[in-house]
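Since the structure comes first, as structure tokens, the remarks are kept for the end.
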């Protein structure tokens, strides 16, 4: 069973999707109405997200995925 331990503002109006980077150190949140993907850090010890204050402009952001190059 999951238990909520923290609430963090998503950085926009309507969080639509999120993805944890494979390294485990970044969490990206797509916000469709705001047209942004907001970047959060993830504390290595606690696993809790922290807002980095960084956002990427992506009109109608509806999903997040990572690609290997």
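In the working numbering, the protein residues as written are 80 to 148.
Each residue gets a CB set at the ideal place from its N, CA and C atoms; glycine is no exception.
Since this is a predicted model, take the numbers as computed values, not measurements.
Boundaries of the beta strand (DSSP E) around residue 105: 105 to 110. The alpha-carbon of residue 131 is positioned some 25 Å away from that of residue 81.
Close CB contacts of residue 122 within its chain, under the 6 Å cut and outside five residues either way in sequence, are absent. Note on residue 110: 16 or more other CB atoms within 10 angstroms of its CB, so buried under the neighbour-count rule.
Residue 148 counts as exposed, since fewer than 16 other C-beta atoms from the protein chains shown sit within 10 angstroms of its C-beta.
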